[in-house]
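There are 2 protein chains.
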Amino acid sequence: MKLLLGSGGFRGEERRDALRHAMRQHFGDIRRLLFVPYAISDGDAYVDALNRADLNAGYELFGLHRASDPIQAIEEAEGIYIGGGNTFRLIHRMQIEGLIDPIRRRVKSGLPYLGISAGANVACPTMQTTNDMPIVRPASFEALGLVPFQVNTHYYKGNIHIRIGEGEYEEHFGETRDDRIREFHEEIAVPVLGLWESGLLFRDGKQLKLLRGPMRLFRRGQDPVDFKEGSDLSDLLNEVR
Amino acid sequence: MKLLLGSGGFRGEERRDALRHAMRQHFGDIRRLLFVPYAISDGDAYVDALNRADLNAGYELFGLHRASDPIQAIEEAEGIYIGGGNTFRLIHRMQIEGLIDPIRRRVKSGLPYLGISAGANVACPTMQTTNDMPIVRPASFEALGLVPFQVNTHYYKGNIHIRIGEGEYEEHFGETRDDRIREFHEEIAVPVLGLWESGLLFRDGKQLKLLRGPMRLFRRGQDPVDFKEGSDLSDLLNEVR
Numbered sequence: 001m002k003l004l005l006g007s008g009g010f011r012g013e014e015r016r017d018a019l020r021h022a023m024r025q026h027f028g029d030i031r032r033l034l035f036v037p038y039a040i041s042d043g044d045a046y047v048d049a050l051n052r053a054d055l056n057a058g059y060e061l062f063g064l065h066r067a068s069d070p071i072q073a074i075e076e077a078e079g080i081y082i083g084g085g086n087t088f089r090l091i092h093r094m095q096i097e098g099l100i101d102p103i104r105r106r107v108k109s110g111l112p113y114l115g116i117s118a119g120a121n122v123a124c125p126t127m128q129t130t131n132d133m134p135i136v137r138p139a140s141f142e143a144l145g146l147v148p149f150q151v152n153t154h155y156y157k158g159n160i161h162i163r164i165g166e167g168e169y170e171e172h173f174g175e176t177r178d179d180r181i182r183e184f185h186e187e188i189a190v191p192v193l194g195l196w197e198s199g200l201l202f203r204d205g206k207q208l209k210l211l212r213g214p215m216r217l218f219r220r221g222q223d224p225v226d227f228k229e230g231s232d233l234s235d236l237l238n239e240v241r
Numbered sequence: 242m243k244l245l246l247g248s249g250g251f252r253g254e255e256r257r258d259a260l261r262h263a264m265r266q267h268f269g270d271i272r273r274l275l276f277v278p279y280a281i282s283d284g285d286a287y288v289d290a291l292n293r294a295d296l297n298a299g300y301e302l303f304g305l306h307r308a309s310d311p312i313q314a315i316e317e318a319e320g321i322y323i324g325g326g327n328t329f330r331l332i333h334r335m336q337i338e339g340l341i342d343p344i345r346r347r348v349k350s351g352l353p354y355l356g357i358s359a360g361a362n363v364a365c366p367t368m369q370t371t372n373d374m375p376i377v378r379p380a381s382f383e384a385l386g387l388v389p390f391q392v393n394t395h396y397y398k399g400n401i402h403i404r405i406g407e408g409e410y411e412e413h414f415g416e417t418r419d420d421r422i423r424e425f426h427e428e429i430a431v432p433v434l435g436l437w438e439s440g441l442l443f444r445d446g447k448q449l450k451l452l453r454g455p456m457r458l459f460r461r462g463q464d465p466v467d468f469k470e471g472s473d474l475s476d477l478l479n480e481v482r
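Protein chains in written order, with the numbering used here: chain A, 1 to 241; chain B, 242 to 482.
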């Protein structure tokens, strides 16, 4: 399996260059990527926005919403890219259109997969570490299961702050991300990787690397552990739970 | 119907005093409140924490998890208080224990209701404007429907910022709360009230007041409108959709 999973938050040219570079390395010399825009309501607008921001990394993005036969488009794809937005909407649409099994099967047979934000969430066993609002109710929270752990995208540490003026910030007291992941572990024992914005995980077969970090690993009942960019995380693929 | 709905974020004595005062006004001279702790995994710890922080407002908090017959406890309650935590867990447990109909029936017949954070979310038609992580999958997103609008608790405006050092903050690029509510309105037309932390809404029959604010009202396809503390919001109860 060849996977590139990104946290989201690719703003600014340095972060965007890092993503483009990783995409070129990951997909290589193919011409066209099958792009799944279903986390956003308007597929055409999404493809246009990526092209305008030069976030196609030189590939032609073919939106799955434009395919006359989506299953055939998946069967024929040379690379697949699932974009961000709302994870509930994404998995709901993937279920309704019967895309889960075909995508899972092809990626497990070697089709290179890129998932950013919601697209990284759905690569996990379930979508239950999403940060998104439950605007629709999917028939199941099960996702593609391309890795044996959960990713929490757009991860950050500590309380958030709201900007209330020039250089002035007010602390916000909602649950921290660590609180939410602890709540997850009260229900489910699967490890969670908190991936900071613009972070990238790369899997090639039995190898897993933190291509761009940092990252924080949460396990049920244990203190979280921080990992630096470049860390070899391959052991996480071999754990038996 | 008598409802007091709070946003959460009741930190610091000024905010806590405001909550205690509102609770005394709301519940009056009763002795005991039936407290529903199911948004948190440990009911005893939750009741203890509220008592220690003097957030019982002088009432005896009787945890529903301690009731030998929960339905009877609801039937006999003089006031009910649903606390915060994870909204998915809360509604899931309320469904499993068959609490939704009995609570809805009693509150619609005049039992004073207090809901903070997750407890305010479940007073709405659905729990679909929660900020929480989907750590369990409830059989339905339907909630108590005590008001004809959604509340988004812990509301804030703009991007969030992470504190990275003394007086130093980094901008975070995940969806803003306004982005998430816009996504909600792409799917569902119900108005959403964004209630800032420590905000309080009070309903008495056909009257609805922003007891403590501010608040931002979102309607599908319209620009949001800000409301100040003390605003009369009764018109929101009479809207026909």
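Every residue, glycine too, gets a C-beta built ideally from N, C-alpha and C. What you are looking at is a predicted structure, and each value in this text was computed from that prediction instead of being measured.
Those residues which DSSP pairs with residue i across a bridge
i               : result
N152 of chain A : A:G194
T87 of chain A  : Beta-bridge pairing links T87 of chain A to no other residue.
K2 of chain A   : A:D204
L458 of chain B : B:L434, B:V466
G9 of chain A   : Partner(s): none; G9 of chain A has no beta bridge.
I160 of chain A : B:I403
R212 of chain A : A:L200
R273 of chain B : B:E301
G115 of chain A : A:L5, A:I82
D179 of chain A : In the DSSP output, where bridge partners are listed per residue, D179 of chain A has none listed.
Identity of the residue in the options nearest residue i by Cα
i               : options                        : result
E338 of chain B : B:R378, B:I312, B:R418         : B:I312
E239 of chain A : A:G194, A:F62, A:A189          : A:A189
H185 of chain A : A:G221, A:L193, A:F202, A:L200 : A:G221
P102 of chain A : A:L5, A:L208, A:G145           : A:G145
G6 of chain A   : A:F202, A:G58, A:R219          : A:F202
K243 of chain B : B:Q448, B:G471, B:R261         : B:Q448
L195 of chain A : A:G205, A:Q150, A:R182, A:E166 : A:Q150
A123 of chain A : A:R11, A:P134, A:F141, A:G12   : A:F141
S109 of chain A : A:L237, A:D204, A:M127         : A:D204
P366 of chain B : B:D373, B:Y354, B:M374, B:A384 : B:A384
P389 of chain B : B:Q266, B:V433, B:Y354, B:E409 : B:V433
Chain A contact residues for residue i, given Cβ-Cβ distances below 9 Å
i               : result
V348 of chain B : None at all; the shortest Cβ gap to chain A is about 23 Å.
I401 of chain B : Y156, I160, H161, I162, R163, H172
Neighbouring residues, chain B, relative to residue i (Cβ below 9 Å)
i               : result
G174 of chain A : G249, G250, S358, N372, T394, H395, Y397, E438
S41 of chain A  : E424, E427, E428
Q25 of chain A  : Here the premise fails: no neighbours, minimum Cβ distance about 23 Å.
Proximal residues to residue i (C-beta, below 7 Å), its chain only, five neighbours per side dropped
i               : result
E412 of chain B : N400, H402
G326 of chain B : A280, I281, A359
I116 of chain A : G6, G8, G83, G84
R273 of chain B : Y300, E301, F303, E319
Neighbour-count burial assignment, residue i, 16 or more Cβ in a 10 Å radius
i               : result
P28 of chain A  : Going by the sequence as given, residue 28 of chain A is Gly instead of Pro. Exposed, since its Cβ has fewer than 16 Cβ neighbours within 10 Å.
D54 of chain A  : exposed
V466 of chain B : exposed
N362 of chain B : buried
A286 of chain B : exposed
E175 of chain A : buried
Residue i: contacting residues in chain B (beta-carbon distance under 7 Å)
i               : result
N86 of chain A  : E424
Y169 of chain A : H402, Y410
Q222 of chain A : The premise fails here: Q222 of chain A is roughly 17 Å from chain B at the closest Cβ pair, so nothing lies under 7 Å.
Proximal chain A residues relative to residue i, where beta-carbon distance stays under 8 Å
i               : result
R345 of chain B : None at all; the shortest Cβ gap to chain A is about 20 Å.
Q391 of chain B : What Q391 of chain B touches in chain A: nothing, since even the nearest Cβ is about 10 Å away.
Q336 of chain B : What Q336 of chain B touches in chain A: nothing, since even the nearest Cβ is about 13 Å away.
8 Å CB neighbourhood of residue i in its chain, flanking five on each side removed
i               : result
R347 of chain B : I315, E316, A318, I321
F414 of chain B : N400
F468 of chain B : L451, G454, P455, M456, R457, L458, L474
V135 of chain A : Per the sequence shown, the amino acid found at residue 135 of chain A is Ile instead of Val. Taken in chain order, the residues that qualify are N86, F88, R89.
Q95 of chain A  : P138, A139, S140
Residue i: contacting residues in chain B (beta-carbon distance under 8 Å)
i               : result
V136 of chain A : E428
8 Å Cβ cutoff, residue i in contact with chain D
i               : result
R180 of chain A : As a matter of chain content, chain D is missing from the structure shown, whose protein chains are A and B.
Residues of its chain near residue i, where Cβ-Cβ distance is below 6 Å and the 5 sequence neighbours each way are ignored
i               : result
A67 of chain A  : A73
R256 of chain B : S439
H92 of chain A  : V136, P138
R219 of chain A : P191
Q266 of chain B : none
Cross-chain neighbours of residue i in chain A, by beta carbon under 7 Å
i               : result
F382 of chain B : P134, R137
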